[in-house]
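Undergrad: Numbering (full-length UniProt numbering), first residue to last: 1 to 84.
One structure, pasted below without further comment.
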């Protein structure tokens with residue numbers, strides 16, 4: 001199975017070198033993404049289309065659940081992190 005990055009046209013291939021959760025993201029054409037800071041992120045970072053999007057709590061980018069690899073069948077339950 002190809003990764004989400006491999007399925008993108010070269011000009012849309014964006015990824016963190018490491019995800020904020022610490023997981024390494026690998027691929028041939030990685031480059032740093034600009035983290036979204038203002039307004040609303042109304043477009044999927046993978047396909048560039050709008051619609052029902054899932055906003056990542058870690059990087060502030062939006063994605064269709066079907067664009068993720070593996071695709072999400074439903075929106076995951078929000079987990080609260082214990083802060084001390």
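Quick reminder that beta carbons are idealized off the backbone N, C-alpha and C, glycines included.
What residues in its chain sit with their C-beta under 8 Å from that of residue 49, if we drop five residues either side in the sequence?
TA: Same-chain partners within the cutoff: 43, 64.
Undergrad: Secondary structure at residue 62, three-state DSSP: helix, strand or coil?
TA: Three-state result, residue 62: strand.
Undergrad: According to DSSP, simplified to helix, strand and coil, what is residue 68?
TA: In the structure shown, residue 68 sits in coil (DSSP, three-state: anything other than H, G, I, E or B).
Undergrad: Closest to residue 75 by CA distance: which of 46, 60, 52, 59 is it?
TA: With distances taken between Cα atoms, residue 75 lies closest to 52.
Undergrad: CB residue 62 to CB residue 55, shorter than 8 Å?
TA: Yes, Cβ-Cβ distance for residue 62 and residue 55 is below 8 Å.
Undergrad: Return the chain-ordered list of same chain residues with a C-beta closer than 7 Å to the C-beta of residue 47, the five sequence neighbours on each side being excluded.
TA: For residue 47, where only same-chain residues beyond five positions count, the Cβ hits under 7 Å are 64, 67.
Undergrad: Whole angstroms are fine: how far does the CA of residue 45 sit from the CA of residue 29?
TA: Residue confidence for residue 29 is low, a pLDDT of 40 falling below 50, so the modelled location carries little weight; the figure read from the coordinates is stated next. In a straight line, the C-alpha of residue 29 is about 16 Å away from that of residue 45.
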